[in-house]
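K.L.:
In structure tokens form, the structure reads like this:
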């Protein structure tokens, strides 16, 4: 039988080689497929976030190379979900999470459903001292471009607003951006 004229598999290792420069800071990720109804991203390390994402859709993680830890904020506590090389993890919608990939050269795949217009996503910052919610910002999907263009503004606004960064529970000041505190991430 002849091979299909347009549907073809490709070598993932070769794809990584060609896109390695995008899988490290400051970019850190690249869409694996751009012609599908799914969001399929390849994410490289090292990277760390000080915000938590409240995603209205499920996320599926596959840690292809190296290890990562998914920080989960739930019921006033922050938990670690280690995802080791070769492991997969399914994250339910609206689970507050902060992916941490401290290992240089680590590679993961994240698959998400597309967002529908009007769906709300949020970003939250939690106190590193007492784990209380410090600040939350929401955005509704209003265009096909998504909320990606709005993200820098969210981060810059939070970092610039000392009142928003002050923990309402213990008074500690959240750094706003940059790397998580030393020792906060262990794989």
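In the working numbering, the protein residues as written are 1 to 187. The beta carbon of each residue, even a glycine, is placed where N, CA and C say it ideally should be.
Using only CA atoms, which one of 105, 166, 111 and 69 lies nearest to residue 37?
P.N.:
Start at 1 with the first residue of the chain shown, and residue 37 comes out as number 37. Minimum Cα distance to residue 37 is reached at 111.
K.L.:
Buried or exposed: where does residue 15 fall if 16 or more other Cβ atoms within 10 Å of its Cβ makes it buried?
P.N.:
In the chain shown, the residue the question calls residue 15 occupies position 15. With fewer than 16 other Cβ atoms within 10 Å, it is exposed.
K.L.:
Quick one: what's residue 53 bridged to in DSSP?
P.N.:
As a working note, residue 53 is residue 53 in the chain shown. 97 and 123.
K.L.:
What does a CB cutoff of less than 6 Å around residue 189 pick up in its chain, not counting 5 residues either side in sequence?
P.N.:
There is simply no residue 189 to check, as the chain begins at 1 and stops at 187 in what is shown.
K.L.:
Do residue 59 and residue 91 have their C-beta atoms within less than 8 Å of each other?
P.N.:
By 1-based counting over the chain shown, the position of residue 59 is 59. By 1-based counting over the chain shown, the position of residue 91 is 91. Yes.
K.L.:
Starting from the N-terminal side, write out each stretch of the beta strand (DSSP E) that is 3 residues or longer and does not extend beyond the segment 8–68.
P.N.:
The segment 8–68 contains these whole beta strand (DSSP E) runs: 29–33, 39–44, 52–54 and 59–65.
K.L.:
Is it buried or exposed for residue 79, if we count other Cβ within 10 angstroms and need 16 for buried?
P.N.:
Walking along the chain shown from the start, residue 79 turns up at place 79. Per the 10 Å Cβ criterion, exposed.
K.L.:
By the 10 Å Cβ neighbour count, where 16 or more other Cβ atoms means buried, how is residue 84 classified, buried or exposed?
P.N.:
One-based indexing of the chain shown puts residue 84 at position 84. Answer is exposed; the Cβ neighbour count stays below 16.
K.L.:
Within the same chain, show all residues whose beta-carbon is closer than 6 Å to that of residue 93, passing over the 5 residues directly before and after it, in chain order.
P.N.:
Numbered from its first residue, the chain shown carries residue 93 at position 93. The residues are 56, 57 and 58.
K.L.:
Could you pull the start and end residues of the beta strand (DSSP E) that residue 159 belongs to?
P.N.:
Here the question's residue 159 lines up with position 159 in the chain shown. Segment 151–160 is the alpha helix (DSSP H) holding residue 159; no beta strand (DSSP E) there.
K.L.:
Which residues mark the beginning and the end of the beta strand (DSSP E) in which residue 105 is found?
P.N.:
Stepping through the chain shown from its first residue, residue 105 is reached at position 105. No beta strand (DSSP E) contains residue 105, which DSSP labels as neither H nor E.
K.L.:
Rounding to the nearest angstrom, what Cα-Cα distance links residue 188 and residue 174 in this structure?
P.N.:
Given a span of 1 to 187 for the chain in the structure shown, any question on residue 188 remains unanswerable.
K.L.:
Quick one: is residue 80 near chain B, going by C-beta distance under 8 Å?
P.N.:
Of the protein chains in the structure, only one exists, and it is not chain B.
K.L.:
If you drop the 5 nearest sequence neighbours on each side, which residues of the same chain put their C-beta closer than 6 Å to that of residue 138?
P.N.:
Indexing the chain shown from 1 puts residue 138 at position 138. Contacts found: 120 and 122.
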